[in-house]
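These protein sequence lines are chains A and B, in that order.
Counted from 1, the first sequence has number 204 at position 204 by the UniProt record's numbering; the numbering is strictly sequential.
Counted from 1, the second sequence has number 17 at position 17 by the UniProt record's numbering; the numbering is strictly sequential.
Number of protein chains: 2
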Amino acid sequence: MTVDPPTTASLFTGLSAFPLTPLADDRLDERSFARQIERLAGAGVDSITVLGSTGSYAYLTSEERARAAALAVANAGTTPVFVGVGALRTSQVLANVRSAEDAGARGILLAPMTYQPLTADDVYGLFGTVAEATELPVIVYDNPGTTRFEFTTELYGRIAELPGIASIKIPGVPADPGEARTRVDEIRAVVPGHVTIGVSGDASAAAGLNAGCDTWYSVIGGTLPDVALKISRAAREGRGADAVAESARLAPLWGLFAEFGGSLRVVAAIAEHLGLAPERCLPLPIQGLSEAQRSRVADVVRDLGLDG
Amino acid sequence: MTVDPPTTASLFTGLSAFPLTPLADDRLDERSFARQIERLAGAGVDSITVLGSTGSYAYLTSEERARAAALAVANAGTTPVFVGVGALRTSQVLANVRSAEDAGARGILLAPMTYQPLTADDVYGLFGTVAEATELPVIVYDNPGTTRFEFTTELYGRIAELPGIASIKIPGVPADPGEARTRVDEIRAVVPGHVTIGVSGDASAAAGLNAGCDTWYSVIGGTLPDVALKISRAAREGRGADAVAESARLAPLWGLFAEFGGSLRVVAAIAEHLGLAPERCLPLPIQGLSEAQRSRVADVVRDLGLDG
Numbered sequence: 001m002t003v004d005p006p007t008t009a010s011l012f013t014g015l016s017a018f019p020l021t022p023l024a025d026d027r028l029d030e031r032s033f034a035r036q037i038e039r040l041a042g043a044g045v046d047s048i049t050v051l052g053s054t055g056s057y058a059y060l061t062s063e064e065r066a067r068a069a070a071l072a073v074a075n076a077g078t079t080p081v082f083v084g085v086g087a088l089r090t091s092q093v094l095a096n097v098r099s100a101e102d103a104g105a106r107g108i109l110l111a112p113m114t115y116q117p118l119t120a121d122d123v124y125g126l127f128g129t130v131a132e133a134t135e136l137p138v139i140v141y142d143n144p145g146t147t148r149f150e151f152t153t154e155l156y157g158r159i160a161e162l163p164g165i166a167s168i169k170i171p172g173v174p175a176d177p178g179e180a181r182t183r184v185d186e187i188r189a190v191v192p193g194h195v196t197i198g199v200s201g202d203a204s205a206a207a208g209l210n211a212g213c214d215t216w217y218s219v220i221g222g223t224l225p226d227v228a229l230k231i232s233r234a235a236r237e238g239r240g241a242d243a244v245a246e247s248a249r250l251a252p253l254w255g256l257f258a259e260f261g262g263s264l265r266v267v268a269a270i271a272e273h274l275g276l277a278p279e280r281c282l283p284l285p286i287q288g289l290s291e292a293q294r295s296r297v298a299d300v301v302r303d304l305g306l307d308g
Numbered sequence: 001m002t003v004d005p006p007t008t009a010s011l012f013t014g015l016s017a018f019p020l021t022p023l024a025d026d027r028l029d030e031r032s033f034a035r036q037i038e039r040l041a042g043a044g045v046d047s048i049t050v051l052g053s054t055g056s057y058a059y060l061t062s063e064e065r066a067r068a069a070a071l072a073v074a075n076a077g078t079t080p081v082f083v084g085v086g087a088l089r090t091s092q093v094l095a096n097v098r099s100a101e102d103a104g105a106r107g108i109l110l111a112p113m114t115y116q117p118l119t120a121d122d123v124y125g126l127f128g129t130v131a132e133a134t135e136l137p138v139i140v141y142d143n144p145g146t147t148r149f150e151f152t153t154e155l156y157g158r159i160a161e162l163p164g165i166a167s168i169k170i171p172g173v174p175a176d177p178g179e180a181r182t183r184v185d186e187i188r189a190v191v192p193g194h195v196t197i198g199v200s201g202d203a204s205a206a207a208g209l210n211a212g213c214d215t216w217y218s219v220i221g222g223t224l225p226d227v228a229l230k231i232s233r234a235a236r237e238g239r240g241a242d243a244v245a246e247s248a249r250l251a252p253l254w255g256l257f258a259e260f261g262g263s264l265r266v267v268a269a270i271a272e273h274l275g276l277a278p279e280r281c282l283p284l285p286i287q288g289l290s291e292a293q294r295s296r297v298a299d300v301v302r303d304l305g306l307d308g
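Pasting the structure below:
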């Protein structure tokens with residue numbers, strides 16, 4: 001496979017894969033992490049975003065995060081690596097930005113983590129400070145299920161005007177194609193043309209891409225890259241119905257995400273089942289799925305042919 | 001003033017004051033922190049809980065937390081000091097428990113911080129691990145406004161059965177005395193008799209104490225100890241109406257808490273106004289109140305005679 005070095009314009013398009021950061025005995029499992037990165041690069045994903053929510057960034061020390069960023073770049077070949085830099089305190093975010101730069105990241109992903117609820121001005125100030133502190137392009141990470149911060153469309157617009165903002169990672173879009181298009185157009189209307197829009201919420205990725213999102217910031221892309229690429233490529237090649245059909249085929253997987261409190265525990269169980277991560281690879285206190293739940297995950301993986 | 005060394009039974013009763021942990025230029029302002037602690041001990045609060053939510057525990061490094069715990073114990077005289085040990089990852093919590101022990105804390109406060117939402121079993125497991133790892137009594141910290149974890153009464157009961165659990169810090173109670181009593185009785189029915197119940201949410205503290213709570217885990221107690229002691233002592237001495245009247249007198253303060261997104265930014269502005277903390281003492285990205293908002297806070301402080 002030939003991978004052309006992406007231009008800045010295209011860097012934040014296509015499929016960005018979000019791998020897990022597996023722990024073993026509460027330490028970064030460097031070997032399985034490096035193997036995951038190699039596997040994603042080999043599969044041909046357009047970019048790899050390490051230390052996203054799926055990559056447990058919020059749970060790791062700054063040293064662990066620096067190490068993971070360096071390992072990712074070292075094992076990704078020519079595939080661009082983006083690094084999550086979010087933290088509760090601005091000074092900690094800036095330290096993570098430094099280590100992402102040192103690692104050779106091509107972009108950074110920043111979510112407004114909260115303990116005390118933040119105001120819109122707090123969040124705008126955070127993005128302004130970070131954008132000023134680095135030359136790396138910034139992905140605005142809107143993940144209200146974890147950060148509990150609710151972006152408004154207006155705030156997207158204010159932040160997107162900051163120099164260095166390259167992309168916005170939005171939560172899922174409505175399943176209805178018309179409503180999805182309306183939502184994406186609404187965002188597009190308030191952000192500069194060079195800022196790409198990336199959908200997350202894997203179950204609505206096909207709908208988001210068909211509605212005009214430039215990128216899919218993908219949880220399953222980090223563990224099941226082939227099936228994610230099938231959806232991503234169909235949408236990009238104008239075969240929107242094929243993207244929707246493949247997403248619909250994965251309904252049992254989306255069902256497990258909904259039933260088991262989100263994608264993280266399910267994807268970790270899949271990675272463990274496939275031997276991509278050690279057993280119980282999530283940071284405690286997150287216990288991960290029960291044996292009975294894991295057995296259901298394994299059934300779905302087999303039935304959907306995701307273990308091939 | 002005579003301070004009797006409390007017995008274990010009475011340790012988690014009365015007024016527990018939650019001071020700020022002021023930062024100056026993003027570093028722990030040791031001098032103002034130590035002075036705050038001395039001031040609280042001098043005022044005669046029953047205990048001091050450092051590194052609560054008001055103490056910005058979630059934003060501080062483990063080194064800063066160890067230092068704050070040690071400073072608190074060194075400056076509290078005979079007043080017992082409890083230390084918040086919460087963190088996103090269990091191993092980080094255990095490191096904070098060690099530093100609280102080393103500092104000479106008399107108890108620890110543990111909130112189930114979340115980034116990924118936690119299950120009840122995750123939280124139960126966390127408390128079990130911590131209770132097993134220390135001889136220090138544990139205060140279960142239920143603060144859904146910051147942790148986004150919703151305890152059930154049933155989960156209070158399960159956790160309270162663990163050895164070492166000494167107290168439960170509950171959110172505010174209903175304003176109606178009958179409803180408040182029903183809520184406290186409901187909790188009392190599921191926890192062992194040695195586990196005290198402490199109310200937080202300062203605006204409902206008088207209602208909570210009158211309804212049978214043993215303790216007030218108090219934000220204003222950390223910055224305005226005299227007025228908090230007035231409410232606490234009235235309630236404990238059976239002068240429930242006096243407690244309610246003093247709380248009602250403070251309605252303009254409670255109004256600012258509600259209007260400005262909670263107590264933290266308001267109390268920080270009060271501490272800064274009174275010279276107890278340096279300007280802009282909260283950790284960024286929390287910007288604190290605007291000048292116009294601070295001016296309103298100062299007016300309320302003056303009108304209520306809280307600057308005396």
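The beta carbon of each residue, even a glycine, is placed where N, CA and C say it ideally should be.
Just so you know, these numbers come straight off a predicted model, no measurement behind them.
- Proximity to A/T79 across A/R67, A/S56, A/E63 and A/F12 peaks at A/F12, based on C-alpha coordinates.
- Counting only residues of its own chain and dropping the five nearest sequence neighbours on each side, B/F18 has a CB closer than 7 Å to the CB of T49, G52, T54, G55, Y217, S218, V219, G221 and G222.
- By the Cβ test, the region 131-143 of chain B is in contact with the region 95-110 of chain B, since at least three Cβ pairs between them sit closer than 8 Å.
- A/F82 is bridged by DSSP to A/T49 and A/G107.
- Collapsing the DSSP output to three states places A/A175 in coil.
- Straight-line measurement puts the Cα of B/R65 at about 15 Å from the Cα of B/S32.
- At least 7 Å separates the CB of A/T152 from every CB of chain B.
- Judged by beta-carbon spacing, B/L15 lies beyond the 7 Å limit of B/S200, meaning their Cβ atoms are not closer than that value.
- In the structure shown, B/S204 adopts helical secondary structure according to DSSP, grouped into three states.
- Residues of the region 259-286 of chain B with a C-beta atom less than 9 Å from some C-beta of chain A are G261, G262, L264, R265, L282, P283, L284, P285 and I286, listed in chain order.
- In terms of Cβ geometry, B/V85 and B/V97 form a close pair [threshold 7 Å].
- Out of B/P252, B/A292 and B/V301, the CA that lies nearest to the CA of B/A271 is found in B/V301.
- Taking the Cβ atoms as the reference, A/L88 lies roughly 6 Å from A/Y115, within the contact range of under 8 Å.
- The bridge partners DSSP lists for B/I139 are B/L109 and B/S167.
- Cβ proximity to chain B below 9 Å picks out P112, M113, T114, Y115, Q116 and P117 from the region 96-117 of chain A.
- Contact of A/D26 with chain B is assigned, a C-beta pair being separated by under 7 Å.
- Nearest CB-CB separation between A/R183 and chain B: not below the 7 Å threshold.
- Taking 8 Å as the Cβ-Cβ cut-off, the region 78-90 of chain B approaches chain A at L88, R89 and T90, given in chain order.
- In summary, B/S295 is exposed, with fewer than 16 beta-carbon neighbours lying within 10 Å of its beta-carbon over all protein chains present.
- Taking the C-beta atoms as reference points, B/G157 is found nearer than 7 Å to B/V190.
- Against chain B, the beta carbon of A/D122 has neighbours under 7 Å at P285, I286 and Q287, listed in chain order.
- Taking C-beta separations shorter than 8 Å and ignoring five residues to either side along the sequence, the partners of B/L136 in its chain run V97, A100, E101, A105, R106, G107, I108 and G164, following chain order.
- Exclusion of the five residues before and after A/A120 leaves L155 as the residues of its chain whose Cβ lies within less than 6 Å of its Cβ.
- Contacts between B/G222 and chain A, judged by CB atoms closer than 8 Å, are missing: the closest CB pair is about 15 Å apart.
- Contact of A/L20 with chain B by beta-carbon distance below 7 Å is absent, the smallest such distance being about 12 Å.
- Within chain B, no residue has its CB atom less than 8 Å from the CB of A/T134, the nearest being about 16 Å off.
- Residue contact with chain A for B/T146: present (Cβ-Cβ distance below 7 Å to some residue of chain A).
- In terms of Cβ geometry, A/G288 and A/A258 do not form a close pair [threshold 7 Å].
- Below the 7 Å Cβ cutoff, chain B contributes P285 and Q287 as neighbours of A/G125, in chain order.
- When Cβ-Cβ separations below 7 Å define contact, A/Y217 makes no contact with chain B.
- In the DSSP assignment, A/L253 falls within the unbroken alpha helix (DSSP H) covering A251 to E259.
- From the beta-carbon of A/A58, the residues of chain B found nearer than 7 Å are L88 and Y115.
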